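Visitor: With this note's numbering as the guide, the letters of the sequence shown map in order to residues 43 to 123. Where a beta carbon is used, it is the ideal one built from N, C-alpha and C, also for glycine. Bear in mind the structure is a predicted one, so any value in this text is a computation, not a measurement.
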Amino acid sequence: MPATEITVTSAGKVAGQELLVPTGEEGAHFAHIQDWLTAQLKAKKTVRDVSQKVLVKGIKQWAVYEGKSGGKPVRWVFKIT
43 MPATEITVTS AGKVAGQELL VPTGEEGAHF AHIQDWLTAQ LKAKKTVRDV SQKVLVKGIK
103 QWAVYEGKSG GKPVRWVFKI T
């Protein structure tokens, strides 16, 4: 299933989960989310799936990964189509 990286902003918490709102900006496209994940693992970057802890407004299927870049926490959000 194809995946597209999207930019989001946090809109607070809903039912114990963080609500993320897409800003409309799309990034890289992948034939499958596993392609991106494999590239991260080959680069020795540690990422973890936090999809169950967030809601993305207006998107039916998503995947969210969290890791660190330069000592700061970073999230990558993907729209699954």
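Which runs of the alpha helix (DSSP H) spanning at least 4 residues fall entirely within the segment 53 to 100, listed in chain order?
Guide: Qualifying alpha helix (DSSP H) stretches, in chain order: 75 to 84.
Visitor: Using CA coordinates, which residue listed in 78, 69 and 79 is at the minimum distance from residue 47?
Guide: Out of 78, 69 and 79, 69 has the C-alpha closest to the C-alpha of residue 47.
Visitor: Considering only the alpha carbon of each residue, which of 101, 44, 123 and 111 lies closest to residue 86?
Guide: Nearest of 101, 44, 123 and 111 to residue 86, Cα basis: 111.
Visitor: Put residue 113 into one of helix, strand or coil per three-state DSSP.
Guide: Three-state result, residue 113: coil.
Visitor: In this structure, does DSSP put residue 123 in helix, strand or coil?
Guide: Residue 123 falls in the coil class under three-state DSSP.
Visitor: Give a yes or no on whether the minimum CB-CB distance between residue 77 and chain D is below 7 angstroms.
Guide: Within the model displayed, chain D is absent; a lone protein chain is all it includes.
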